[in-house]
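The next block holds one structure in the form of structure tokens; read it before the comments.
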Amino acid sequence: MDGNYLDRDMALLTCMDPRIQLTHSTRSLTGSAFVLRNAGGRLTDDVMRGLIICTRVIDLKEVGILRHTDCRLSSFTNEELADKTGLAMDYMPFSDLAASVVADVSYLRSCGLFGGDTVIWGGIYDVESRTTEVLLLE
Numbered sequence: 000m001d002g003n004y005l006d007r008d009m010a011l012l013t014c015m016d017p018r019i020q021l022t023h024s025t026r027s028l029t030g031s032a033f034v035l036r037n038a039g040g041r042l043t044d045d046v047m048r049g050l051i052i053c054t055r056v057i058d059l060k061e062v063g064i065l066r067h068t069d070c071r072l073s074s075f076t077n078e079e080l081a082d083k084t085g086l087a088m089d090y091m092p093f094s095d096l097a098a099s100v101v102a103d104v105s106y107l108r109s110c111g112l113f114g115g116d117t118v119i120w121g122g123i124y125d126v127e128s129r130t131t132e133v134l135l136l137e
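Note that numbering that gives the first Met the number 0 gives residue 114 to position 115 of the sequence shown, counting from 1, and the numbers run on in steps of one.
As structure tokens, this is what we get:
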């Protein structure tokens, strides 16, 4: 990542995988970010609730979606996860990492729940090199 792009207060959605070390992936972000984590860093109803509170109540002006390489959720289908867990539900797996980031960022930008002054971006954290590639900037 370059410049001071991530020096601002923001909300960040990322995966629950402990290999994502925010001090490596986003420089000085850890002290100024509201971090939401779940399996795959996916947009769920609860994440949307958190992002709306962050932007409308706490008045944050930036939302980031940060997925990572070697994510287990990209290795399975819903059917395979249902077999492994014994529970049939939408686990929100994905096969194309970059496409999943683009789709979720596009949804956030077009859903009408965030003001025009909210910067929404997406990126991919490489767990091997501990670097982040920003895919979509405002």
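Glycine residues also receive a C-beta, built at the ideal position from the N, C-alpha and C atoms. Since the structure is predicted, the reported quantities are computational estimates derived from the model, not experimental observations.
Other residues of its chain near residue i: CB distance less than 6 Å, five sequence neighbours each side excluded
{"i": "LEU80", "result": "TYR90"}
{"i": "ARG71", "result": "none"}
{"i": "ASP40", "result": "Residue identity differs from the one stated: residue 40 is Gly in this sequence, not Asp. Cβ within range, chain order: LEU12, THR13, CYS14 and ARG66."}
{"i": "GLY49", "result": "LEU35"}
CB of residue i within 8 Å of CB of residue j, strictly
{"i": "VAL126", "j": "ARG36", "result": "no"}
{"i": "ASP16", "j": "HIS67", "result": "yes"}
{"i": "TYR124", "j": "LEU65", "result": "yes"}
{"i": "ILE51", "j": "LEU112", "result": "yes"}
{"i": "MET122", "j": "LEU134", "result": "Inspection of the sequence shows that residue 122 is occupied by Gly rather than by Met. Result yes, Cβ atoms of GLY122 and LEU134 sit closer than 8 Å."}
{"i": "THR54", "j": "THR130", "result": "no"}
{"i": "SER128", "j": "SER94", "result": "no"}
{"i": "VAL34", "j": "LEU21", "result": "yes"}
{"i": "ILE86", "j": "ASP8", "result": "Residue identity check: residue 86 is Leu in the sequence provided, not Ile. It is not a contact, given that the beta carbons lie outside the stated cut-off."}
Contact with chain B by residue i, beta-carbon distance below 8 Å
{"i": "GLY111", "result": "Protein chains in the displayed structure number just one, and chain B is not present."}
Assumed close pair residue i, residue j - CB separation to whole angstroms, cut-off 8 Å
{"i": "VAL62", "j": "ALA10", "result": "5 Å"}
{"i": "ALA32", "j": "CYS14", "result": "Between CYS14 and ALA32 the Cβ distance is about 15 Å, and since that is not below 8 Å, they are no contact."}
Residue i burial status per 10 Å Cβ neighbour count (16 or more: buried)
{"i": "CYS110", "result": "exposed"}
{"i": "SER99", "result": "buried"}
{"i": "LEU136", "result": "exposed"}
Residues of its chain near residue i, where Cβ-Cβ distance is below 8 Å and the 5 sequence neighbours each way are ignored
{"i": "ARG108", "result": "ILE119"}
{"i": "PHE75", "result": "LYS83, TYR90 and PRO92"}
{"i": "ALA97", "result": "ILE123 and LEU134"}
Chain-order list of residues whose beta-carbon lies under 7 Å from that of residue i (same chain, five-residue window excluded)
{"i": "ASN77", "result": "ASP89, TYR90 and PRO92"}
{"i": "VAL46", "result": "LEU12, LEU35 and ASN37"}
{"i": "ASP44", "result": "none"}
{"i": "VAL101", "result": "GLY121, LEU134 and LEU135"}
{"i": "ASP69", "result": "VAL126"}
Residue i beta carbon near the ligand NAP (any heavy atom closer than 7 Å)
{"i": "TYR90", "result": "Ligands displayed in this structure: none; no statement on the ligand NAP is therefore possible."}
- Message: Quick check on the DSSP output: what are the complete alpha helix (DSSP H) runs of length 4 or more inside the stretch 28-56, in order along the chain?
- Response: 44-55, all fully within the stretch 28-56.
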